[in-house]
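Residue numbers (our numbering), protein chains in the order written: chain V, 1 to 116; chain G, 117 to 229.
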């Protein structure tokens with residue numbers, strides 16, 4: 001399978017614990033995005049990388065959230081001191097940088113987080 | 117980004133054409149219309165995009181009005197596997213400083229057997 005993969009697919013944690021999610025983009029896609037989706041809503045943008053550089057962060061990304069893409073390949077999203085409001089689906093997407101539309105974003109299956 | 121308005125839900129009989137409308141009356145001249153869909157428990161999937169002209173690919177057709185204030189996504193022969201939430205998104209061209217996708221709440225399309 002050469003699509004975007006995410007690990008784990010499901011995570012249950014207790015309030016106050018730290019969690020880390022991993023995303024492996026499609027090989028050679030130099031852009032990588034993180035989105036969050038709560039029940040009944042569309043995905044909301046969190047942040048994106050071009051290679052290893054984090055170029056944009058949403059105000060939704062509080063200081064408890066940190067994302068990295070150290071070698072421009074896989075990325076991690078860490079949430080520290082989780083809160084019940086962090087319960088959501090966390091989606092990762094990747095796209096090639098062609099400079100031309102559509103620069104399609106290919107999404108992974110997501111990591112569903114439940115904070116108890 | 118221009119705001120989009122879509123109906124909350126629609127039904128369509130299997131085998132018929134599904135026509136999903138989208139209103140984007142504040143679209144700017146260089147903004148594209150994109151459609152994605154999200155099948156239950158999966159990530160969103162790109163369907164089609166357009167600027168001014170009507171577009172067709174193996175999945176769907178996109179009809180954009182001449183004033184570009186609205187568009188319609190057409191699934192020509194809907195199957196049960198087309199049951200999903202469909203998102204209409206307006207987005208500047210790449211490298212205009214806004215690379216993210218801004219999703220609304222979309223249209224929940226249910227294909228009826």
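No residue lacks a Cβ here, since even glycine has one placed at the ideal position from N, Cα and C.
Per DSSP, what kind of secondary structure is residue i in: helix, strand or coil?
i: residue 24 of chain V; result: strand
i: residue 59 of chain V; result: coil
i: residue 85 of chain V; result: helix
i: residue 217 of chain G; result: coil
i: residue 127 of chain G; result: strand
i: residue 7 of chain V; result: strand
i: residue 136 of chain G; result: strand
By a C-beta neighbour count over all protein chains shown, 10 Å radius and 16 as the cutoff for buried, is residue i buried or exposed?
i: residue 169 of chain V; result: An answer regarding residue 169 of chain V cannot be provided, because it is not within the stretch 1 to 116 covered by chain V.
i: residue 199 of chain G; result: buried
i: residue 129 of chain G; result: exposed
i: residue 134 of chain G; result: buried
i: residue 16 of chain V; result: exposed
i: residue 88 of chain V; result: buried
i: residue 42 of chain V; result: buried
Figure out for me which residue from the options has the closest Cα to the Cα of residue i.
i: residue 211 of chain G; options: V/99, V/95, V/59, V/93; result: V/99
i: residue 106 of chain V; options: V/112, V/91, V/11; result: V/91
Below 7 Å CB to CB, which residues in the same chain sit around residue i once its five sequence neighbours on both sides are set aside?
i: residue 115 of chain V; result: 13, 15, 82, 83, 84, 86, 87
i: residue 225 of chain G; result: 126, 128, 134, 136, 198, 199, 200, 202
Spatial neighbours of residue i within its chain, please: C-beta separation below 8 Å, excluding the five flanking residues on both sides.
i: residue 70 of chain V; result: 52
**OP:** Give the residues from the region 210-223 of chain G that approach chain V closer than 8 Å (Cβ to any Cβ), ordered along the chain.
**Re:** 210, 211, 215, 216, 217, 218, 219, 220, 221, 222
Subject >> Members of the region 95-114 of chain V near chain G, C-beta cut-off 9 Å >> reply: 95, 97, 98, 99, 100, 101, 102, 103, 104, 105, 106, 107, 108, 109, 110, 112
**OP:** Report the residues of the region 145-165 of chain G with a CB closer than 9 Å to any CB of chain V, ordered along the chain.
**Re:** 148, 150, 152, 154, 157, 158, 159, 160, 161, 162, 164, 165
**OP:** Using a Cβ-Cβ cut-off of less than 7 Å, list which residues of the region 176-209 of chain G approach chain V; keep chain order.
**Re:** 203, 209
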